[in-house]
């Protein structure tokens, strides 16, 4: 037995490079900029940190991923993402590094009539990749819960229309920062109604009627979001999914559109 | 190093009996009786098998739980539950044994107008306990997806009413078999509408209108199910929970009633 | 149609009181005290807020739960829990209120040899209940990931021993504050080894050898934690569960002990 | 209000085709062929059925997806997949249809020394796509739980080595049927040890020692599986992922290789 042999540094002869290797399902406190970057909110991220491994190395050094993360403090700052990626490229001696983070994000929203304020939660993902050559790729994904009211049900029924909570997953690449809250707003504007945390009776009345006046299928929803992404001056690529937790079925309705400009 | 020492059989001196010890999260094919026991359906169960361990034993024998299960064939038959429990009591030499199983269960339902048939899925749980003294305990739980339409939203809005998929979890003890399909039916009768797998337009119209005509809060839903359980001649104990995946919020409405007769 | 009729305030004639009714699965930013209360950490909680509803009321007022939470600011402070409970009792006009919160909690730990620091995450639950009569109940639960190494495998094998990640769920009631970090420490001391975020090679060697020197069954683990809870001067009740994600099986080993003093 | 207006059939003017639209998260009983097609096992699938929707249609007809599924009986037969896909193309009048199914699959395995038999569960996915032009695409994915023992930990420690449950996700395309059980076998042969349902003491000794004699990093594991896929005469594309639920950390080690021949 060698004393603290560096097994990972041994050569490998299978001639198979590894596309991604690293750590996954790592939870870490983080701060993300909100209100167009003027302030911060604290949240908890689930991280995957990976690099490309050339075919001639037996293994990567898993502990270094955590060291790089820790080197930037006990709370991860989203605006240090590029620096952390560069640090990963160097410390792991790799051509390519990737950081994926998923975290809850909160927006304060005012109820539509009473103006009563409450916090609504969204799930957000960052997928950031960097190459030693300087190339950089970033995908921002927001998962936005919405109300959808069925146009068919409304059209054929004497009264009422089935509606439900739905979920829009909108992923974008951009050539200049699109803020999380702006992308959420873009999505919410396409639903039968956006959701709220607190609704008093006058608000509930307004939201119920608004949803009834704006019926959408999942097809309408993904098309409306896709159309807005296409028109958006900063967005260069998008993938939009909508999933309705149908109130009349125990399965979901689903639609997906992907677009490049 | 002893040759295949039986570590589990050693004495333990901490004088702490273990309430439950065994295996968990074990998936196994199973068959469950349906249509009042006249036929069977195949499904997949997630099992927990445990026994009581007296304070003087260091450990139980985990492999014996699986052996007992396997001894009854490659597909678990629900009507062999008592035999398997007895077998566990003997094989593990324990005073008390418990089998918990959770599995998807399917009912064929006809759409309300066209009569078109489809399969609807439910989640079902069995919790069966036996003591060497002969005592036996059994809890049947059904998790039933339903439509709930909000009475408040209907009362205050010009048109429409928010509705959503909800979920009723109904657990019962009984003194003579209550069939899964009968307990599901009992729950579905209390919702704004039951769910279906296939709905053609005339069916969707019927379901939309029925829900609008039968608004229920989660409070109404648990009370209605509880009232039916109280009246039921065979049910001796019940716990009813309702959870609405609110279409206007990103959180859920929830209610719980427990009752004994 | 009544103008904004208060449906919830109507009488109910089924004579069934509701044990718990309110909101569930509500995510909200929060701060929790750490380091024995000298400082705070930011995290995200998943909340359930409920009250008891007497039989003569048709429904509770769901929006008031959120209002009460919001009234205490956009970030929930754990040390305001009693105040929020009292506020719920009053605002919902109930005899009994309950707040359940589940959240990730982080501890900075130093690797055993190199002393390199990293953040380890735990799942923590608070279950706090208050009655108008003044009674108060609080359960603190920590879910602690650990290493467990099998005593049987070690005893019978020429070399090596199967080990795995396990999870101890320890719930306690106490008569004077037991800090989260102290309860975590109590649990970690009973495992084959505690876990770490960063381990360099000398640390990995130390942890591997320590686990090999301290084999435990799930039975040993729950007994050791239970024994420490029994001896602890502040703890008045405990329930300890251990679950091993067995490295040699695709199911888990499980044990449970509950104790009162 | 039109009587049962066919809203979905209306024209749409946004000129955005929808890549995929249909139903998701639909559970349905199914039978899958095993033992090289000589027999069947019953299980429960979670289905997604989608089609491509041209830009000029407002919506698809969701109920038809379920009708197509139901038309083939109350239990889905995997060998009717092509027929169901063709049926979807026709019934939904689309250029492209897709069926994705995920289900638990069981293999009977004999313990390595005693030969004692038990059922081990795996998660399997089918992704089948068909175009009206006749093109057909099929991806088979198996998710195989395994033991991995750390080569570094073994090399540097006086005794023992940390090991854990890991999971290999292996997706392949092929030009002639590769059976699920053969792909599982291919993966299991690359791990420190395969898993078993029942292990008596002589078996546990054998498995512990075998794992100690065959240490693998996630990097080794994905490379070994990739190498076997490359050599396999029938496999034309593969993507291999390995994830270790590290016994010494609360995060996972992860590696991914994708290859085409």
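Chains as they are written, first to last, in the working numbering: chain G, -1 to 259; chain L, -1 to 259; chain R, -1 to 259; chain X, -1 to 259.
Cβ coordinates follow ideal geometry from the N, Cα and C atoms, glycine included.
Could you please give the first and the last residue of the uninterrupted alpha helix (DSSP H) stretch that includes residue i?
i: residue 265/X; result: Any question about residue 265/X goes unanswered here, given that chain X covers just -1 to 259.
i: residue 88/L; result: 79 to 89
i: residue 63/L; result: 60 to 69
Would you report the Cα separation of residue i and residue j, rounded to the nearest angstrom?
i: residue 245/X; j: residue 83/G; result: 27 angstroms
i: residue 45/G; j: residue 113/G; result: 36 angstroms
i: residue 183/R; j: residue 108/R; result: 13 angstroms
i: residue 327/G; j: residue 2/X; result: In the structure displayed, chain G extends from -1 to 259; residue 327/G sits before or after that span and is not available.
i: residue 202/G; j: residue 151/L; result: 6 angstroms
i: residue 5/L; j: residue 153/R; result: 8 angstroms
i: residue 141/X; j: residue 167/X; result: 4 angstroms
i: residue 130/L; j: residue 92/L; result: 8 angstroms
i: residue 120/R; j: residue 175/L; result: 43 angstroms
i: residue 69/X; j: residue 31/X; result: 20 angstroms
i: residue 217/X; j: residue 250/X; result: 13 angstroms
i: residue 145/X; j: residue 241/L; result: 39 angstroms
i: residue 329/R; j: residue 160/R; result: Beyond the ends of chain R as shown, which are -1 and 259, falls residue 329/R; an answer cannot be given.
i: residue 105/L; j: residue 163/L; result: 18 angstroms
i: residue 274/L; j: residue 170/L; result: In the structure as shown, chain L starts at -1 and stops at 259, and residue 274/L therefore has no counterpart that could be examined.
i: residue 65/R; j: residue 195/G; result: 9 angstroms
i: residue 191/R; j: residue 212/R; result: 8 angstroms
i: residue 209/X; j: residue 197/X; result: 14 angstroms
i: residue 189/R; j: residue 117/R; result: 19 angstroms
i: residue 259/X; j: residue 193/X; result: 30 angstroms
i: residue 135/R; j: residue 50/R; result: 15 angstroms
i: residue 94/X; j: residue 128/G; result: 35 angstroms
i: residue 13/R; j: residue 33/X; result: 59 angstroms
i: residue 96/X; j: residue 48/X; result: 5 angstroms
What are the boundary residues of the beta strand (DSSP E) that residue i is part of?
i: residue 100/X; result: 94 to 108
i: residue 27/R; result: 16 to 32
i: residue 44/X; result: 37 to 51
i: residue 4/L; result: Premise fails: residue 4/L is in no beta strand (DSSP E) and is neither H nor E.
i: residue 234/X; result: 233 to 242
i: residue 125/R; result: 115 to 129
i: residue 256/G; result: 250 to 258
Would you say the stretch 38 to 54 of chain L touches the stretch 49 to 58 of chain X, given that touching needs at least three Cβ pairs under 8 angstroms?
Contact fails: fewer than three Cβ-Cβ distances are below 8 angstroms.
Extract the residue ranges of the alpha helix (DSSP H) inside the stretch 147 to 230 of chain R, only unbroken runs of 4 or more that lie entirely within it.
Restricting attention to alpha helix (DSSP H) runs no shorter than 4 residues, the stretch 147 to 230 of chain R encloses them at 149 to 154, 178 to 186, 199 to 211 and 216 to 229, ordered along the chain.
Contact list for the stretch 171 to 196 of chain X against chain L, Cβ threshold 8 angstroms
Cβ proximity to chain L below 8 angstroms picks out 195 and 196 from the stretch 171 to 196 of chain X.
In chain order, what residues of the stretch 148 to 172 of chain R put their CB closer than 7 angstroms to some CB of chain X?
For the stretch 148 to 172 of chain R, residues whose beta-carbon sits nearer than 7 angstroms to a beta-carbon of chain X comprise 150, 151, 154, 155, 156, 157, 158, 159, 160, 161, 162 and 163.
Say whether the stretch 96 to 111 of chain L touches the stretch 121 to 128 of chain L, bearing in mind that this needs 3 or more beta-carbon pairs closer than 8 angstroms, one atom from each stretch.
The stretch 96 to 111 of chain L makes contact with the stretch 121 to 128 of chain L; the number of CB pairs closer than 8 angstroms reaches 3 or more.
The stretch 170 to 187 of chain G touching the stretch 225 to 237 of chain G, judged by at least three CB pairs closer than 8 angstroms
Result yes; three or more Cβ-Cβ pairs closer than 8 angstroms.
Can you pull out the residues from the stretch 22 to 54 of chain X whose beta carbon lies closer than 9 angstroms to at least one beta carbon of chain L?
Residues of the stretch 22 to 54 of chain X whose Cβ lies closer than 9 angstroms to any Cβ of chain L, in chain order: 24, 25, 26, 27, 29, 39, 40, 41 and 42.
Chain-ordered residues of the stretch 108 to 121 of chain R with a beta carbon less than 8 angstroms from chain G
Taking 8 angstroms as the upper bound on Cβ-Cβ separation, chain G lies near residues 114, 115, 116, 117 and 119 of the stretch 108 to 121 of chain R.
At a Cβ cut of 9 angstroms, what residues of the stretch 205 to 236 of chain X count as close to chain G, listed as they run along the chain?
In summary, the residues of the stretch 205 to 236 of chain X whose CB is separated from some CB of chain G by less than 9 angstroms are 213, 215, 216, 217, 218, 220, 221, 222, 224, 225 and 228, in the order they occur in the chain.
On the three-pair Cβ rule with 8 angstroms, is the stretch 23 to 33 of chain X touching the stretch 73 to 80 of chain X?
Counting Cβ pairs under 8 angstroms, three or more are found: they touch.
For the stretch 95 to 107 of chain L, which residues have a CB atom closer than 9 angstroms to at least one CB atom of chain X, in sequence order?
Under the 9 angstroms Cβ criterion, the stretch 95 to 107 of chain L contributes 101, 102, 104 and 106.
Where the stretch 1 to 12 of chain L meets chain X: residues whose CB sits under 8 angstroms from a CB there
With the criterion set as a beta carbon lying under 8 angstroms from some beta carbon of chain X, the members of the stretch 1 to 12 of chain L are 2 and 4, in sequence order.
With 8 angstroms as the C-beta to C-beta threshold (strictly closer), list the residues of the stretch 241 to 254 of chain X near chain R in chain order.
Listed by position along the chain: 243, 244, 245, 246, 247, 248 and 249.
Taking a cut of 7 angstroms between CB atoms, which residues from the stretch 59 to 73 of chain X lie near chain L?
The stretch 59 to 73 of chain X vs chain L, Cβ under 7 angstroms: 61, 64, 65, 68 and 72.
Taking Cβ-Cβ distances below 8 angstroms as the criterion, which residues of the stretch 127 to 144 of chain G are in contact with chain X?
None of the residues of the stretch 127 to 144 of chain G has a beta carbon lying less than 8 angstroms from any beta carbon of chain X.
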